[in-house]
Amino acid sequence: MSQASVPIDFRTNAQHVPPKMPGAVQKATARFLGGRAALVELLGEELWQQLRQAGHDLRLHAITHLDHYLVQAEQAVTKAGGQVHWARDAGEANRLVLEIARQHDVKKVVKSKSMATEEIGLNHALEAANIQVIETDLGEYIVQLVGVGPAHIVVPAFHLSKEEIADLFHKKLGVDAPSEAEGLTQIARTKLREEFLAAEMGISGGNFLVAETGTVVMVTNEGNGRMCTTVPPIHIAVVGIDKVVPDWESLTVLLKLLARSATGQKLSCYTSFISGPPRSQAETGPREFHLILVDNGRSRILQTPECRETLLCIRCGACLNICPVYNSVGGYAYGWPISGPTGAMLAPQILGTKVAGALPFASTLCGACNDICPVKIPITEILLHLRRRVVEGDAIEAAVAPSLLRAGAQAGSVVLQRPWLYQLGSKLLTWFQAPLKSDGWISKLPPPLNRWTMVRPLPAFAFDFRAWWRTHRRGGTR
Amino acid sequence: MAIRAQLFITCLADQFFPGVLQRMVGLLERLGVQVAFPEEQTCCGQPFFNSGYQTQARDLARKWLEVFGRTDGFIVSPSGSCVDMVRHHYPRLFPPGTPEHHLAEDTAARTFEFTQFLVHELKATDVGARFPHKVTYHASCHLLRGLGVREEPKALLRKVQGLELVPLSTEETCCGFGGVFSVIYPEVSQAMMEAKVKSIEAAGAEVVVACDAGCLMNIAGGLRKVNSPIKAMHLIDVLTADRGTR
Numbered sequence: 000m001s002q003a004s005v006p007i008d009f010r011t012n013a014q015h016v017p018p019k020m021p022g023a024v025q026k027a028t029a030r031f032l033g034g035r036a037a038l039v040e041l042l043g044e045e046l047w048q049q050l051r052q053a054g055h056d057l058r059l060h061a062i063t064h065l066d067h068y069l070v071q072a073e074q075a076v077t078k079a080g081g082q083v084h085w086a087r088d089a090g091e092a093n094r095l096v097l098e099i100a101r102q103h104d105v106k107k108v109v110k111s112k113s114m115a116t117e118e119i120g121l122n123h124a125l126e127a128a129n130i131q132v133i134e135t136d137l138g139e140y141i142v143q144l145v146g147v148g149p150a151h152i153v154v155p156a157f158h159l160s161k162e163e164i165a166d167l168f169h170k171k172l173g174v175d176a177p178s179e180a181e182g183l184t185q186i187a188r189t190k191l192r193e194e195f196l197a198a199e200m201g202i203s204g205g206n207f208l209v210a211e212t213g214t215v216v217m218v219t220n221e222g223n224g225r226m227c228t229t230v231p232p233i234h235i236a237v238v239g240i241d242k243v244v245p246d247w248e249s250l251t252v253l254l255k256l257l258a259r260s261a262t263g264q265k266l267s268c269y270t271s272f273i274s275g276p277p278r279s280q281a282e283t284g285p286r287e288f289h290l291i292l293v294d295n296g297r298s299r300i301l302q303t304p305e306c307r308e309t310l311l312c313i314r315c316g317a318c319l320n321i322c323p324v325y326n327s328v329g330g331y332a333y334g335w336p337i338s339g340p341t342g343a344m345l346a347p348q349i350l351g352t353k354v355a356g357a358l359p360f361a362s363t364l365c366g367a368c369n370d371i372c373p374v375k376i377p378i379t380e381i382l383l384h385l386r387r388r389v390v391e392g393d394a395i396e397a398a399v400a401p402s403l404l405r406a407g408a409q410a411g412s413v414v415l416q417r418p419w420l421y422q423l424g425s426k427l428l429t430w431f432q433a434p435l436k437s438d439g440w441i442s443k444l445p446p447p448l449n450r451w452t453m454v455r456p457l458p459a460f461a462f463d464f465r466a467w468w469r470t471h472r473r474g475g476t477r
Numbered sequence: 000m001a002i003r004a005q006l007f008i009t010c011l012a013d014q015f016f017p018g019v020l021q022r023m024v025g026l027l028e029r030l031g032v033q034v035a036f037p038e039e040q041t042c043c044g045q046p047f048f049n050s051g052y053q054t055q056a057r058d059l060a061r062k063w064l065e066v067f068g069r070t071d072g073f074i075v076s077p078s079g080s081c082v083d084m085v086r087h088h089y090p091r092l093f094p095p096g097t098p099e100h101h102l103a104e105d106t107a108a109r110t111f112e113f114t115q116f117l118v119h120e121l122k123a124t125d126v127g128a129r130f131p132h133k134v135t136y137h138a139s140c141h142l143l144r145g146l147g148v149r150e151e152p153k154a155l156l157r158k159v160q161g162l163e164l165v166p167l168s169t170e171e172t173c174c175g176f177g178g179v180f181s182v183i184y185p186e187v188s189q190a191m192m193e194a195k196v197k198s199i200e201a202a203g204a205e206v207v208v209a210c211d212a213g214c215l216m217n218i219a220g221g222l223r224k225v226n227s228p229i230k231a232m233h234l235i236d237v238l239t240a241d242r243g244t245r
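These protein sequences, in sequence, are chains W and H. Per numbering that gives the first Met the number 0, the first sequence starts with residue 0, numbered consecutively. Per numbering that gives the first Met the number 0, the second sequence starts with residue 0, numbered consecutively.
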């Protein structure tokens, strides 16, 4: 399986969130948001807003000139001795990785954290080909041991407690693990050290791809990314075509925005720049460097002007951290590795609305994501467009909403366009509700309106302003 | 010449909060505003627009423009999200080149949410109200982020005699209403609503104030469900509490 093909049922998923999840998620997101806020304050709101605008503008410039910058990047990588491959979709990207692995008889792969490889389901493809794949980001390593994907795009295992991780290490690694962070990290470090040295191939993603020099930029905090991209003899970077930026000046703006928004750091512990394999005997590192540029629906996103800015995303996770929906359910409810508002925006466009049509509705449109996004993606506007795509269809996809719902909406609109019918209906509601009403409230309604009353009572229908107004206008009330 | 205001009552307030509307009329008239009420109005189309039914939303927007387009003066509403719909989404539902575009732009420019209207147009922050209670304020999302109204409601509350405004830790966090969201994903809506209710209780207030019927239905319902003594009130009810019957 490379990509989800079964419809994502957000409601059912949300109903099955473990009770401890929301609290753990909220604790972590509050920490990141606090760190971010402190750094924004340090910079000053005005400068921060200028940075966001600059980030938005240069990302938009890059994705509207993808054809130019990608070719420039390809030429630069090739010139530096790297090999560039183009993957139309997830399947093609996975096949390219497998082909390179097969050529070198690779049996073991170490991976640094990469949302692009999560998106294309690379681990499944490698495992299906009997190639062992080891995630080396501590969080990814932990969720891989659990047998699930990341719960957050930046901090994959942040919902698990030290006790849970100690228990996991005990069960899966057969070691006595202490319930404290340093001891647990030491265990993972020792295990991973063996893997780094034994692996025949390292796979990474890339946070950015600098077109002018063909440089893959990797932003990490644990050093595992450097190990993956320097120790094994082959390095493959799997990078979405949307990650390209024109030059190093652009990159500095984005790096300033990324770490602050993601983890509340001025800069992450490691920022790695990879520009091809060693150029001389004196240089060390993998003898082969492959860059796989993945489209997987991205050029289709460019075709819809209302959705284009989806591709500005730098996967910082700030929209997840601020989102009250994400904070209530965690990442797994989204049924896709990229969760939260940015996932709700991206998944339906990559997987199609038949699969991910529920996700654009998994938002109250409160807009907190728009305000926090470091590259000013109008997330709720895009979600609105995707809701339209689900309900009415557009140039990309036909409508997928049930026709009964659409008939209901049409009926509602017919009534509301006729003031007399609206007023008659409103009057009737105040009568019909009588047996349901008590003390000004309705605590139980029949389906489908029970979806409101199962959560909280509904104020009783009152509808008497208009009558009051007529009396008032005649001077009857003061 | 007296300032004229057309009441844009919104369908939710029309259905559930007629008392707020009556008191809004009373307050505006006391402030010297000549109030009119275009009775043909129904719904601005926001619920349809937000759930993807753009065709139906456009039909209702056209109807709204027909009703309010022939009026003059300010258009004033007790709901931030409905005003956001008219101000920001109408001109895009009817882009340049469509017959309704000019009308959409014209009405958008003269449509105001109640606190915007009081603070910026009438320059009235002290309306002579008295409400000797501890009050906290919930910022409705579209009022806050759509219209950029952050301080106006609190400025009005601060001028109310005897009122103690206490901070709400989740002031700017969505209450979980979200229109159709509340019925599409009731469990998630519930989790958000319960978090909001808990924070209101923690604020130590007797009353929580909001400026949107949707949030009020959700929060008031949530408070009632746990038999909380805390009341959810529209700002207008606080601004008229001591004089509502005069």
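C-beta atoms are modelled at their ideal positions from N, C-alpha and C, and glycine is treated no differently.
For I337(W) against E118(W), the beta-carbon gap comes to about 7 Å, under 8 Å, which counts as contact.
Taking a beta-carbon distance threshold of 8 Å, Y52(H) counts as an interface residue toward chain W.
P17(W) counts as exposed, since fewer than 16 other beta carbons sit within 10 angstroms of its beta carbon.
The distance from the Cβ of C315(W) to that of V153(W) is about 7 Å, consistent with a contact at the 8 Å cut-off.
A distance of 8 Å or more separates the beta carbons of R450(W) and P46(H). For R299(W), the enclosing alpha helix (DSSP H) has its first and last residue at 297-301.
Contact of T172(H) with chain W is assigned, a C-beta pair being separated by under 8 Å. Annotated as proximal: G296(W) and I349(W), with beta-carbon spacing under 8 Å.
For the C-beta of H471(W), the chain H residues within less than 8 Å are, from N- to C-terminus, Q21, V24. Going by DSSP, H289(W) is part of the beta strand (DSSP E) stretching over 287-293. Within the model, the alpha-carbon separation for F207(W) versus E150(H) is close to 39 Å. In this structure, the straight-line span from the alpha carbon of H151(W) to that of P373(W) is close to 17 Å. Put simply, the CB of I183(H) is near chain W, with a gap under 8 Å to one of its CB atoms. In this model, E162(W) and G146(W) are separated by some 18 Å (Cα to Cα). With contacts defined as CB atoms closer than 8 Å, C214(H) and C365(W) fail to qualify as a contacting pair.
Within the model, the alpha-carbon separation for C43(H) versus L26(H) is close to 24 Å. Taking 8 Å as the Cβ-Cβ cut-off, the region 179-208 of chain H approaches chain W at V179, F180, S181, V182, I183, Y184, P185, E186, V187, S188, Q189, A190, M191, M192, A194, given in chain order. Taking a Cβ-Cβ threshold of 9 Å, none of the residues of chain W is close to K230(H); the smallest such distance is about 13 Å. Non-local C-beta neighbours of G145(H) in its own chain, meaning closer than 6 Å and more than five positions away in sequence, comprise D83, ordered along the chain. Secondary-structure assignment with DSSP links S76(H) through a beta bridge to E112(H).
In the three-state DSSP reduction, Y331(W) falls in the helix class (H, G or I). In this structure, the beta-carbon distance from T135(W) to S113(W) does not fall below 8 Å. Neighbours of F176(H) across chain W, judged by C-beta separation under 8 Å: T363. Per DSSP, the continuous beta strand (DSSP E) segment holding K107(W) begins and ends at 107-110. Within the model, the alpha-carbon separation for E308(W) versus L65(W) is close to 13 Å.
By the neighbour-count definition (other C-beta atoms within 10 Å, threshold 16), K353(W) is an exposed residue. Between the alpha carbons of M453(W) and D438(W) lies a distance of about 18 Å. Taking 8 Å as the threshold, the shortest C-beta distance from P304(W) to chain H does not fall below it. In the DSSP assignment, S203(W) falls outside any alpha helix (DSSP H) and within the unbroken beta strand (DSSP E) covering 200-203. Considering only G178(H), L64(H), F7(H), the residue with the shortest C-alpha distance to C140(H) is G178(H).
Rounded to the nearest angstrom, the gap between the Cα atoms of Q432(W) and P456(W) is 13 Å.
Per DSSP, the beta bridge partners of H234(W) are G201(W), F288(W). Interface with chain W (8 Å Cβ-Cβ cutoff): K62(H) is included. Listed along the chain, the chain W residues whose CB falls inside 8 Å of the CB of E38(H) are P418, R465, W468. With 16 or more other CB atoms across the displayed protein chains lying within 10 angstroms of its CB, E73(W) is buried. When Cβ-Cβ separations below 8 Å define contact, M216(H) makes contact with chain W.
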